[in-house]
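*Asks:* Residue numbers (this note's numbering), protein chains in the order written: chain A, 9 to 178; chain B, 11 to 201.
The beta carbon of each residue, even a glycine, is placed where N, CA and C say it ideally should be.
1) How big is the Cα-Cα spacing for residue 132 of chain B and residue 63 of chain B?
2) Would residue 57 of chain A count as contacting chain B if we go by Cβ distances under 7 Å?
3) Helix, strand or coil: how does DSSP classify residue 150 of chain A here?
4) Give me the Cα-Cα distance between residue 60 of chain B and residue 104 of chain B, rounded to the nearest whole angstrom.
5) Report the three-state DSSP secondary structure of residue 61 of chain B (helix, strand or coil).
6) Just to confirm, are residue 115 of chain A and residue 81 of chain A a CB contact at a threshold of 7 Å?
7) Along chain A, which residues have their Cβ under 8 Å away from the Cβ of residue 50 of chain B?
8) So that I know if they touch, is there some Cβ in chain A lying closer than 7 Å to that of residue 126 of chain B?
9) Using the rule of at least 16 other Cβ atoms within 10 Å of the residue's Cβ for burial, across every protein chain shown, is residue 48 of chain B buried or exposed?
10) Could you tell me which chain B residues have their CB closer than 8 Å to the CB of residue 66 of chain A, listed as they occur along the chain?
11) Rounded to whole angstroms, what's the CA-CA distance from residue 170 of chain B to residue 107 of chain B? Just pull it up for me.
12) Distance check for residue 17 of chain A and residue 151 of chain B, CA to CA, integer angstroms please.
13) What are the complete alpha helix (DSSP H) segments, minimum 4 residues, inside the segment 48-105 of chain B?
14) Which residues bound the alpha helix (DSSP H) around residue 166 of chain A?
15) Determine the closest residue to residue 55 of chain B out of B/82, B/72, B/138 and B/114, with distance taken between C-alpha atoms.
16) Where residue 158 of chain B and residue 157 of chain A are concerned, what is the direct C-alpha to C-alpha distance, given to the nearest angstrom?
17) What three-state label does DSSP hand residue 173 of chain B in the structure shown?
18) List the endpoints of the continuous alpha helix (DSSP H) containing residue 137 of chain A.
19) With 9 Å as the C-beta to C-beta threshold (strictly closer), list the residues of the segment 145-172 of chain B near chain A in chain order.
20) Applying a beta-carbon distance threshold of less than 8 Å, which residues of chain B neighbour residue 79 of chain A?
21) Going along chain A, which residues have a C-beta under 8 Å from residue 46 of chain B?
22) Buried or exposed for residue 38 of chain B, please, with buried defined as at least 16 other CB atoms from any protein chain shown within 10 angstroms of its CB.
23) Check residue 46 of chain B in the structure and name its three-state DSSP category.
24) Check this for me: beta carbons of residue 153 of chain B and residue 175 of chain B, under 7 Å apart or not?
25) Verify whether the separation of the beta carbon atoms of residue 91 of chain B and residue 143 of chain B is less than 7 Å.
26) Can you give me the start and stop residues for the alpha helix (DSSP H) that residue 48 of chain A sits inside?
27) So, is residue 117 of chain A buried or exposed, given that buried needs 16 or more other C-beta atoms within 10 angstroms?
28) Would residue 105 of chain B count as contacting chain A if we go by Cβ distances under 7 Å?
29) By how many angstroms is the C-alpha of residue 177 of chain B removed from the C-alpha of residue 163 of chain B?
30) Any beta carbon from chain A within less than 7 Å of residue 188 of chain B's own beta carbon?
31) For residue 68 of chain B, which option in B/44, B/111 and B/97 has the closest C-alpha, if you only look at C-alpha atoms?
32) Quick check: the Cα distance between residue 146 of chain B and residue 128 of chain A, rounded to an integer number of angstroms?
33) Please state whether DSSP places residue 6 of chain A in a helix, a strand or coil.
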């Protein structure tokens with residue numbers, strides 16, 4: 009009986025839809041993630057769907073060979089009627105090369121610009137003293153933690169945590 | 011003496027050939043326009059050069075030899091549907107051949123049981139291709155056009171002649187089916 013009610017609850021959580029009132033009243037996304045955290049079946053389902061997405065991404069990420077388009081065009085033109093085979097356009101098609109999009113073409117330049125921007129950012133950080141103040145904050149934070157432990161722990165434990173401050177090591 | 015095709019030793023009528031060239035020039039125009047996208051889509055579905063060439067050739071042959079040499083109302087839609095169907099039928103043929111080979115030799119099984127990385131990309135892609143070939147046509151078309159041709163849902167719906175919401179639902183159903191088949195085959199391999 010418990011199994012049946014669990015199944016029913018699982019399905020109801022999975023198939024709930026966002027309505028105008030529901031989206032305000034209930035946090036569906038939170039409910040769903042809470043449910044997935046404790047439901048092994050849903051975890052399996054999600055893992056399987058993620059596998060599909062990964063496989064699709066892998067299929068998409070594999071580039072085809074440069075000459076494939078020209079080869080496919082050639083093969084196709086060879087079986088078309090004589091008139092089409094020797095048309096003016098067919099010579100162009102026989103040498104066709106896949107056109108990469110502008111973003112792909114500009115990628116090396118974009119990467120260079122991003123690298124330069126990162127270097128500039130670091131230089132600006134150093135020049136303006138932001139990195140120094142960050143170091144100060146870090147040191148101050150460490151000092152606060154140090155004091156806190158010094159006040160609340162006995163000396164033996166304190167020496168174990170911060171051995172460099174112990175009197176034995178100097 | 012008048013110059014005729016027979017006197018020139020031609021096996022076809024020159025004037026007829028000229029007229030065919032003019033009336034069918036749109037085949038070459040569409041090849042130029044949609045060729046690169048089609049090749050990319052076919053490569054993603056099939057993952058093999060020879061198969062891509064075969065499916066591409068098949069698609070344009072069908073286009074050029076439509077009954078009555080008529081131009082389809084929506085060439086783009088016709089091309090993508092035909093290419094996707096041709097590719098999936100090639101996948102199915104390959105699956106059948108592989109099954110047949112499996113029966114003849116038990117080698118494949120032995121290779122599959124070898125300790126392999128869980129995210130072996132080639133194996134994962136092979137499994138997905140096999141699963142896509144098993145999908146019913148109406149679901150397979152949506153996955154191919156949406157995920158492998160990377161078209162927005164509006165275009166997928168326009169090509170398949172369905173509503174955008176239906177395309178979304180079909181994709182969801184297809185992914186669920188693929189996931190369940192893949193996990194089943196995975197658990198079978200583990201055993």
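*Replies:* Put simply:
1) Working through the second chain from its first residue, we reach residue 132 of chain B at position 122. Working through the second chain from its first residue, we reach residue 63 of chain B at position 53. C-alpha separation (whole angstroms): 21 Å.
2) Within the first chain, residue 57 of chain A is the residue found at index 49, counting from 1. Residue 57 of chain A counts as touching chain B.
3) The residue you call residue 150 of chain A lines up with position 142 of the first chain. DSSP places residue 150 of chain A in helix when its eight states are reduced to three.
4) Here residue 60 of chain B corresponds to residue number 50 of the second chain, with the count starting at 1. Here residue 104 of chain B corresponds to residue number 94 of the second chain, with the count starting at 1. Rounded to the nearest angstrom, the two C-alpha atoms are 13 Å apart.
5) Reading the second chain from its first residue, position 51 is the one you call residue 61 of chain B. If DSSP states are grouped into helix, strand and coil, residue 61 of chain B belongs with the helices.
6) Locating residue 115 of chain A in the first chain gives position 107, where the first residue counts as 1. Locating residue 81 of chain A in the first chain gives position 73, where the first residue counts as 1. No. Outside cutoff.
7) Start at 1 with the first residue of the second chain, and residue 50 of chain B comes out as number 40. Within chain A, the residues near residue 50 of chain B are 72 and 106.
8) Position 116 of the second chain, counted from the first residue, corresponds to residue 126 of chain B. Its pLDDT being 48, under 50, residue 126 of chain B is placed unreliably in this model, and the value from its coordinates should be taken loosely. Not one chain A Cβ lies under 7 Å of residue 126 of chain B.
9) On the second chain, position 38 is the one that residue 48 of chain B refers to. Answer is buried; the Cβ neighbour count reaches 16.
10) Locating residue 66 of chain A in the first chain gives position 58, where the first residue counts as 1. Result: 131, 134 and 135.
11) Locating residue 170 of chain B in the second chain gives position 160, counting from the first residue. Locating residue 107 of chain B in the second chain gives position 97, counting from the first residue. When rounded, the separation of the alpha-carbon atoms in residue 170 of chain B and residue 107 of chain B is 30 Å.
12) One-based indexing of the second chain puts residue 151 of chain B at position 141. One-based indexing of the first chain puts residue 17 of chain A at position 9. Rounded to whole angstroms, residue 151 of chain B to residue 17 of chain A spans 34 Å at the Cα level.
13) 59-74
14) Taking the first chain and counting its residues from 1, the one referred to as residue 166 of chain A is at position 158. Residues 163-169.
15) Translated into the one-based positions of the second chain, residue 55 of chain B becomes position 45. Ranking B/82, B/72, B/138 and B/114 by Cα distance to residue 55 of chain B puts B/138 first.
16) Taking the second chain and counting its residues from 1, the one referred to as residue 158 of chain B is at position 148. Taking the first chain and counting its residues from 1, the one referred to as residue 157 of chain A is at position 149. The straight-line gap from Cα to Cα measures roughly 58 Å.
17) Stepping through the second chain from its first residue, residue 173 of chain B is reached at position 163. If DSSP states are grouped into helix, strand and coil, residue 173 of chain B belongs with coil.
18) As a working note, residue 137 of chain A is residue 129 in the first chain. Careful: residue 137 of chain A lies outside any alpha helix (DSSP H) and carries neither H nor E.
19) 153, 157, 158 and 160
20) As a working note, residue 79 of chain A is residue 71 in the first chain. Within 8 Å Cβ-Cβ: 59 and 63.
21) Here residue 46 of chain B is taken as the residue at index 36 of the second chain, counted from 1. Under the 8 Å cutoff, chain A gives 77, 104, 106 and 107.
22) Taking the first residue of the second chain as 1, we reach residue 38 of chain B at position 28. Residue 38 of chain B should be labelled buried.
23) The sequence position of residue 46 of chain B within the second chain is 36, counting from 1. Helix, per DSSP.
24) By 1-based counting over the second chain, the position of residue 153 of chain B is 143. By 1-based counting over the second chain, the position of residue 175 of chain B is 165. The answer is no: Cβ separation not under 7 Å.
25) In the second chain, counting from the first residue as 1, residue 91 of chain B sits at position 81. In the second chain, counting from the first residue as 1, residue 143 of chain B sits at position 133. No. Outside cutoff.
26) Locating residue 48 of chain A in the first chain gives position 40, where the first residue counts as 1. Note, residue 48 of chain A: alpha helix (DSSP H), 48-69.
27) For the purposes of this step, residue 117 of chain A is taken as residue 109 along the first chain, with counting starting at 1. Classification for residue 117 of chain A: exposed.
28) Against the second chain, residue 105 of chain B aligns to sequence position 95. No, residue 105 of chain B lies away from the interface with chain A (no Cβ there is under 7 Å from its Cβ).
29) As a working note, residue 163 of chain B is residue 153 in the second chain. As a working note, residue 177 of chain B is residue 167 in the second chain. Those two C-alpha atoms are separated by around 7 Å.
30) The residue you call residue 188 of chain B lines up with position 178 of the second chain. Closer than 7 Å: yes.
31) Along the second chain, one-based indexing puts residue 68 of chain B at 58. Among B/44, B/111 and B/97, the Cα nearest to that of residue 68 of chain B belongs to B/97.
32) Taking the second chain and counting its residues from 1, the one referred to as residue 146 of chain B is at position 136. Taking the first chain and counting its residues from 1, the one referred to as residue 128 of chain A is at position 120. If you take the alpha carbons of residue 146 of chain B and residue 128 of chain A, they lie about 55 Å apart.
33) Nothing in the structure corresponds to residue 6 of chain A, since chain A is present only between 9 and 178.
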